[in-house]
Amino acid sequence: MPVLLKAAQLARSTFFYHLARLQIPDKYAEVKVLMLRLFSEHRSLYGYRRLNELLRQCGYSHSGKTILKLMKALSLECPVRRKKYCSYRGGVNPTVANLLQRNFVASAPEEKWVTDVTEFRVGEDKYYLSAIMDLYNDEIVAWEGSQKATASLIDGMLKKAFSHLSSLSRVLLHSDQGWHYQRPYYRRQLAERGIQQSMSRKGNCLDNAMIENFFGHLKTEMFYLKTFRSVSELSAAIGEYIDFWNDKRIKMGLGGLSPVEYRTHNQIKLT
Numbered sequence: 001m002p003v004l005l006k007a008a009q010l011a012r013s014t015f016f017y018h019l020a021r022l023q024i025p026d027k028y029a030e031v032k033v034l035m036l037r038l039f040s041e042h043r044s045l046y047g048y049r050r051l052n053e054l055l056r057q058c059g060y061s062h063s064g065k066t067i068l069k070l071m072k073a074l075s076l077e078c079p080v081r082r083k084k085y086c087s088y089r090g091g092v093n094p095t096v097a098n099l100l101q102r103n104f105v106a107s108a109p110e111e112k113w114v115t116d117v118t119e120f121r122v123g124e125d126k127y128y129l130s131a132i133m134d135l136y137n138d139e140i141v142a143w144e145g146s147q148k149a150t151a152s153l154i155d156g157m158l159k160k161a162f163s164h165l166s167s168l169s170r171v172l173l174h175s176d177q178g179w180h181y182q183r184p185y186y187r188r189q190l191a192e193r194g195i196q197q198s199m200s201r202k203g204n205c206l207d208n209a210m211i212e213n214f215f216g217h218l219k220t221e222m223f224y225l226k227t228f229r230s231v232s233e234l235s236a237a238i239g240e241y242i243d244f245w246n247d248k249r250i251k252m253g254l255g256g257l258s259p260v261e262y263r264t265h266n267q268i269k270l271t
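Just so we're aligned: the sequence shown equals residues 1 to 271 in full-length UniProt numbering.
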């Protein structure tokens with residue numbers, strides 16, 4: 001032993017100090033196992049805040065700094081978000097005001113909806129997704145996909161959204177200045193159902209930040225992580241992700257619940 005320590009230029013006390021540390025049980029061993037399972041169950045998408053919230057729901061209380069340190073030790077990394085597509089083509093409709101005014105808080109379901117279109121590329125093909133989000137709980141209430149950003153893309157989504165709308169609802173529907181939302185047919189469909197139309201100011205993406213935020217998560221947490229062979233494969237994956245977003249993906253702003261859990265929980269409280 002003395003010969004080996006001398007050859008390694010290591011002090012005897014240092015050697016036995018590190019040897020003793022190896023004998024100490026890892027106090028985070030149980031938490032690490034649970035972290036690995038939870039991270040995998042949620043598609044390896046959560047950062048330390050959401051992962052810590054899941055641990056808290058399982059009865060484990062640790063600081064965010066500790067969880068971040070353990071994630072680094074376990075090589076658990078969530079994806080980083082990229083940039084977006086804009087549906088604006090020029091032309092402003094001066095008769096539609098920005099009624100939302102970046103007030104993204106709703107006190108009840110079907111009070112404030114936001115919508116937009118985003119673009120995907122699969123090889124040489126393009127795929128467009130149109131979606132509506134309820135600002136009460138950030139739930140995606142309707143979506144439609146197509147290889148062309150035509151009026152029928154928006155109309156198909158609207159038809160699905162209307163099927164969920166109760167007869168007493170007086171929802172405000174906000175969009176950007178995209179050409180889809182300036183069409184007389186689109187505006188007439190909203191008016192016939194008592195829906196107030198609201199539009200962002202020209203070229204101001206922050207006026208519609210919530211739906212843009214959803215598209216960013218969708219692409220970062222699903223699209224950029226896979227290679228799709230066809231638009232049909234992408235469409236199926238989008239449907240799966242939206243189900244995950246609505247039913248399982250927790251949000252800190254909703255008390256650690258998913259959008260559907262939050263809505264259901266509050267409906268039960270009111271009954």
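Even glycine gets a Cβ: it sits at the ideal position worked out from N, Cα and C.
Bridge partner(s) assigned by DSSP for residue i
i, result
"K251", "L257"
"I242", "Paired residue(s): none; I242 is not in a bridge."
"M199", "S175"
"E139", "D134"
"G145", "L129"
Start and end residues, beta strand (DSSP E) containing residue i
i, result
"M133", "125-134"
Opening and closing residue of the alpha helix (DSSP H) in which residue i lies
i, result
"T115", "Where T115 is concerned, there is no enclosing alpha helix (DSSP H), although the beta strand (DSSP E) it sits in stretches over 112-122."
"G216", "209-221"
"G64", "64-73"
"N52", "48-57"
Reduced DSSP category for residue i - H, G, I as helix; E, B as strand; rest coil
i, result
"V92", "Here V92 scores only 49 on pLDDT, less than 50, and its place in the model should not be relied on; the value that follows carries that caveat. The answer is coil: DSSP assigns V92 none of H, G, I, E or B."
"G156", "helix"
"L34", "helix"
"V231", "helix"
"Q182", "helix"
"L206", "helix"
"R263", "helix"
"A106", "coil"
"S40", "helix"
"E77", "coil"
"K226", "coil"
"A237", "helix"
"K27", "coil"
Residues of its chain near residue i, where Cβ-Cβ distance is below 8 Å and the 5 sequence neighbours each way are ignored
i, result
"R102", "L206, D207, A209"
"S152", "S146"
Chain-order list of residues whose beta-carbon lies under 7 Å from that of residue i (same chain, five-residue window excluded)
i, result
"I268", "none"
"G156", "E144"
Own chain, CB closer than 6 Å to residue i, minus 5 neighbours either side, in chain order
i, result
"P25", "none"
"F228", "V122, L234"
With a cut-off of 8 Å, do at least 3 Cβ pairs link the region 169-185 to the region 113-127?
yes
- Query: Counting pairs of beta carbons, one from the region 154-164 and one from the region 61-68, are three or more of them closer than 8 Å?
  - Reply: no
(message) Taking 8 Å as the cut-off, does the region 253-264 touch the region 125-140 (at least 3 CB pairs, one atom from each stretch)?
(response) yes
- Query: Does the count of Cβ pairs from the region 35-42 and the region 214-224 closer than 8 Å reach three?
  - Reply: no
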